[in-house]
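The sequence shown: position 34 = 34 (the UniProt record's numbering), numbered continuously.
Shown next, in structure tokens, is the structure this report addresses.
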Amino acid sequence: MPEMANMAWLLQNLEPEFGPFVAQVTQALRSNPKAYNWESLTANLLDEAKRLQVAEKAIRPIQMVGKYKVKKSWKNHQKKAIFCKYCKLRGHKDEDCAFLHPEKAPKGWKHPVENQKANIKPKNNPHPREQREHNINLLMASATNTTSESRVEEITSPESQPAFDDVLDSTPNADIMEF
């Protein structure tokens, strides 16, 4: 059998994954019939087979990663169902809470209460009544557009503050400014 017939038979009987290789070889043989001989064709075919084999091994683990689904354990599900009413976190109960029982906390645990003691603000209004009244009086005076320095000095000294009602009575638009 002539060499060209053997090469044609070999190329036609290859698997479909060799399609690009077959197209490349047939294109080269059409333009130059002496581009390949039997030895060069079989050598290139073995190289292509090895390349496809390596590529397939590289793709398989990637495909398996996509298909692999982690099964959630029953133990994890049970831990999520446990709820601490003190710290409002899942995974432990009140009797095991590290916030309530620092002795049950893991090593290296910094108890947040110790860190927050310095940052706790009182729940009541931080401004005393006198300060609030003083601020209200300043606002009322600025609303009347009084610019005399004596009036500003009188308002800014907290000892000489008039009562809130007195300020309302002394303002020209007191009937308009109702709270």
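Just so it is clear, CB atoms sit at the ideal spot from N, CA and C, and this is done for glycine as well.
None of these values were measured; they are calculated from a predicted model.
Straight-line Cα distance separating residue j from residue i
i	j	result
residue 95	residue 88	13 Å
residue 99	residue 105	8 Å
residue 86	residue 97	8 Å
residue 90	residue 103	19 Å
residue 15	residue 31	24 Å
residue 56	residue 48	12 Å
residue 2	residue 20	25 Å
residue 18	residue 52	8 Å
residue 92	residue 101	12 Å
residue 12	residue 37	16 Å
residue 23	residue 39	18 Å
residue 58	residue 9	31 Å
residue 203	residue 41	Since the first residue of the chain shown is 1 and the last is 179, residue 203 is not available in this structure.
Classification of residue i by the beta-carbon crowding that lies within 10 angstroms, buried from 16 upward
i	result
residue 7	buried
residue 5	exposed
residue 45	buried
residue 54	exposed
Simplified DSSP state of residue i, which is helix, strand or coil
i	result
residue 99	coil
residue 6	helix
residue 34	coil
residue 121	Low confidence applies here, because residue 121 scores a pLDDT of 49, under 50, leaving its location unreliable; read the following figure in that light. Coil.
residue 152	Model confidence at residue 152 stands at a pLDDT of 48, short of 50, so the residue's coordinates are unreliable; what they give is reported in the following sentence. Three-state result, residue 152: helix.
residue 13	coil
residue 20	helix
residue 55	helix
residue 28	helix
residue 43	helix
residue 105	coil
Residues bridged to residue i [DSSP beta-bridge criterion]
i	result
residue 90	83
Assumed close pair residue i, residue j - CB separation to whole angstroms, cut-off 8 Å
i	j	result
residue 28	residue 35	4 Å
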